[in-house]
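For reference, the structure is listed below as structure tokens.
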């Protein structure tokens, strides 16, 4: 609740704290919600090496961008390692588990179901 | 049309071609659609220094991530410079123009209106 979320037109540097500037730096907080509106949610996750997140799924499509480190992503069909700079796309409801191989930071973008927000549409 | 779009579970390295590996590299193509589904669209833009994109708006909220370079973003209310590693959020229908200060690469993520895809919902 103490986190400041981005308003439209705001920006934040998402690079690792050791590389980024001293203002507006996300830092290595375990999970930081950057913003959430009716259609789009973006968060930054820091996973120390060996951290595992069990298989789960979300209603909307997502992207996972590896800011730093290496993370193994296990889907129903395959396992893939994301390295720094890699962007993965997962369709809505695609099950995925994560295991950090190194200390890693991820940018996770989720498209939310907008239908609940269509008043009388 | 010759571009291979990501399927669910696929990944691509979006770092600049000079930094990235030799496989799955986005490279400095002016505009590359990475994928598009009913709710989410992601593209990579390369803007050489001084390139200007006139003010425009999109129906859904977007994020602009500065992969490399410096880009000035002009909204109705303000002007802000994105540096490498900066992520900007723009609400749906927020007008924005772009001017590259240096040779720059951007990752643009757009949440699409899903309502047209709700069959009989």
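Protein chains in written order, with the working numbering: chain A, 1 to 121; chain B, 1 to 121. Just so you know, even glycine gets a beta-carbon here, dropped at the ideal spot from N, CA and C. Computed from a prediction, not measured in an experiment: that's the story for all the values here.
Element boundaries [beta strand (DSSP E), containing residue i]
i                      : result
residue 71 of chain B  : 70-75
residue 42 of chain B  : 40-47
residue 100 of chain A : 96-100
residue 53 of chain B  : 52-56
residue 34 of chain A  : 31-36
Residue i - partner residues in DSSP beta bridges
i                      : result
residue 109 of chain A : A:42 and A:63
residue 86 of chain A  : B:13
residue 79 of chain A  : A:74
residue 104 of chain B : B:47
Exposure label - residue i; buried when at least 16 CB within 10 Å
i                      : result
residue 61 of chain A  : buried
residue 7 of chain A   : exposed
residue 4 of chain A   : exposed
residue 92 of chain B  : buried
residue 100 of chain A : buried
residue 76 of chain B  : exposed
residue 56 of chain B  : exposed
residue 64 of chain A  : buried
Within 8 Å, strictly: CB atoms of residue i and residue j
i                      : j                      : result
residue 11 of chain A  : residue 68 of chain A  : no
residue 82 of chain A  : residue 70 of chain A  : yes
residue 40 of chain B  : residue 111 of chain B : yes
residue 42 of chain B  : residue 107 of chain B : yes
residue 103 of chain A : residue 49 of chain A  : yes
residue 52 of chain A  : residue 15 of chain A  : no
residue 94 of chain A  : residue 9 of chain B   : yes
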